[in-house]
Structure formats: C-alpha cells, structure tokens
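Number 281 marks the last residue of the sequence shown (UniProt numbering); no jumps.
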Amino acid sequence: MDKLHCLFPSRTCCAMVFTEPQTVMGFSQTCSSLVLEANLALSMRDYLKSHGFMNHRAPANGRYKPTCYEHAANCYTHAFLIVPAIVGSALLHRLSDDCWEKITAWIYGMGLCALFIVSTVFHIVSWKKSHLRTVEHCFHMCDRMVIYFFIAASYAPWLNLRELGPLASHMRWFIWLMAAGGTIYVFLYHEKYKVVELFFYLTMGFSPALVVTSMNNTDGLHELACGGLIYCLGVVFFKSDGIIPFAHAIWHLFVATAAAVHYYAIWKYLYRSPTDFMRHL
Numbered sequence: 001m002d003k004l005h006c007l008f009p010s011r012t013c014c015a016m017v018f019t020e021p022q023t024v025m026g027f028s029q030t031c032s033s034l035v036l037e038a039n040l041a042l043s044m045r046d047y048l049k050s051h052g053f054m055n056h057r058a059p060a061n062g063r064y065k066p067t068c069y070e071h072a073a074n075c076y077t078h079a080f081l082i083v084p085a086i087v088g089s090a091l092l093h094r095l096s097d098d099c100w101e102k103i104t105a106w107i108y109g110m111g112l113c114a115l116f117i118v119s120t121v122f123h124i125v126s127w128k129k130s131h132l133r134t135v136e137h138c139f140h141m142c143d144r145m146v147i148y149f150f151i152a153a154s155y156a157p158w159l160n161l162r163e164l165g166p167l168a169s170h171m172r173w174f175i176w177l178m179a180a181g182g183t184i185y186v187f188l189y190h191e192k193y194k195v196v197e198l199f200f201y202l203t204m205g206f207s208p209a210l211v212v213t214s215m216n217n218t219d220g221l222h223e224l225a226c227g228g229l230i231y232c233l234g235v236v237f238f239k240s241d242g243i244i245p246f247a248h249a250i251w252h253l254f255v256a257t258a259a260a261v262h263y264y265a266i267w268k269y270l271y272r273s274p275t276d277f278m279r280h281l
C-alpha cells in the first residue's frame, strides 16, 4: 500500500509540484519590477542632480548645499509672505479691544514677521554672499533662533487671552524660558547635533499644546491641532535635502500653510469678527 501511495502521490503534492514553478516565476517578476523601479528612481535622481534641481546629501552634522534653483525657491517661498504677515499683524492690532490684546497682537505679529524676514535674509545671504562665511553663519544662527521665538509667539494669544488654571498660567512665561534656552543651545552647539535640535523644536511646539487643550473654552483647538499636524508633516521635507528636490522650499510652504491656519484661528476666535472690524473703519 505504501508503494502504491508513493507511485500515486496525493492531489496536494501534485498541486505543489505544478504551482511551484508559477510561484518562482511570479517572485522573479516581482524582483525584476522592484529592480526596474529602483533603477528608474536612481536615474531620475541623477537627472535632477545633473540639471541643478537637487544636490547630494549633506555629510553627518554638516550643512546641505542647495543648487541655484533651490536657493531661489528657498528665498521666494518666504519672501512673498512678508507683506501678508505685516498686514495680518496690523489687522489683529486694529481689532484689539484693550491694551493686553494689543500687546499680544504685537508679540504674535513680531514673531510671525520675524520668521519670514529672517528666513528670507538668511537664504539670500546664503545664495548670493556665501563667500562671507561669518555673515552667513550669523544669519543661519538667527534663522534657527527665531524659530524658538516664533513658536512662543504663536502660543502667546492662546495663553494670554484665554482663561487658564493656576498651574497652566505658568506656561505664559515658561515658554519664553524655553525659547531663551533654545537660543543658548544654538549659540553653543549650532549644527552639531541636528537631531537634538529638531527634538527641542518639537518639544517646545507640543508642550504648550497640552495646556491649551485643557482650557474650558475649546473654540479654535481643531484649527490649532490641524496647524500643528501640518508642521509635523513638513518636518519630513525639512530632513529630506538631497533626497527630494526643493525639499527645503516645500518645508517653507508647509510652514506658511500651518501659520495661515493658526492665524485664521487666532483672528476668528480671539479677536473680533469681520463685521465688527468693518464698523471700526
């Protein structure tokens, strides 16, 4: 009986014998497709690099060197936002009802305008005056430091104009201590530990959010969270220089979009409505 079983194998064994070549062929085709896609990706990357749309990756703890096209994109993506930031800041100041709202509007406005102005100036210097190493280095440090104060200024309207609990109210001044600490870090360890610097930015961005979400009045928190998510998604491009063409310029667009969402929330929920503003004119 055993001999007959060996001479006449089961259907399962036969199916395995006949399907194995098909499986191998399918696997080989998949591998071939993956290799082809990888070669196409490498060819596309070489094409972009050869035509000035992207440069090679920066070395560890070193700076990426943008191409001429990338320099231009880095400048324009923030330069075009300087005037809207100034106009928006003036609008919030115009809509303020009291001195505290005016002070808060100026704090937020200065942080918003400083972000785009300093970023634009740094990228212009990096593009046109890169041979002035000391000047470029100083502006690069300013570009990094202003981010800390921009984060603090972005939370100022929510922390200053909303009612907070006794513990949460300490965040009003603690966030500025965090900004000062970030500034000191840039002075001491600029461009040395990029992952640590990114961690500081994200920590400072999320810490006040825990306080804001605990407020009794939750109007505008959805927009605040949406803007924060856009910033986080943009970090992917912030760390993709040399991998994605115009990665830093794309990061600028994410920053602009998130800042616009946050501005809309501040304008809508913390200051007057457009109809009230029209009555002031």
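All C-beta atoms, glycine included, are put in the ideal place defined by N, C-alpha and C.
Keep in mind the model is a prediction, meaning the values are calculated, not measured.
Practice task
Could you say if the region 179 to 187 and the region 214 to 232 meet the contact criterion of at least three C-beta pairs nearer than 8 Å?
Solution key: no
Problem - Under 8 Å between C-beta atoms of residue 55 and residue 242 - result: yes
Handout entry: Which of helix, strand or coil DSSP assigns to residue 165
Key = coil
Handout entry: Test item: CB-CB of residue 73 and residue 108 under 8 Å
Key = no
Practice task
Report the residue ranges of all alpha helix (DSSP H) runs contained in full by the region 72 to 139; include only those spanning at least 4 residues, in chain order.
Solution key: 82 to 95 and 99 to 128
Exercise for the section: Look at residue 215 and residue 164 and say whether their C-beta atoms are less than 8 Å apart. Expected result: yes
Problem - contact_flag[the region 259 to 274, the region 237 to 251] where n(CB pairs < 8 Å) is 3 or more - result: no
Exercise for the section: Let me know the secondary structure DSSP gives residue 219 once reduced to three states. Expected result: coil
Exercise for the section: Count the other C-beta atoms from every protein chain shown that fall within 10 angstroms of the C-beta of residue 144, then say buried if there are 16 or more, exposed otherwise. Expected result: buried
Problem - CA-to-CA distance, residue 105 to residue 85, given in whole angstroms - result: 12 Å
Problem - For residue 172, the nearest candidate out of 204, 196 and 194 (CA to CA) - result: 204
Exercise for the section: Compute the Euclidean distance between the alpha carbons of residue 259 and residue 227, then round it to the nearest angstrom. Expected result: 7 Å
Practice task
Answer with buried or exposed for residue 90, where buried requires no fewer than 16 other C-beta atoms within 10 angstroms of its C-beta.
Solution key: exposed
Problem - Length of the line joining the Cα atoms of residue 68 and residue 124 - result: 11 Å
Exercise for the section: Quick one: grab the DSSP three-state call for residue 229. Expected result: helix
Handout entry: Straight-line Cα distance separating residue 265 from residue 219
Key = 9 Å
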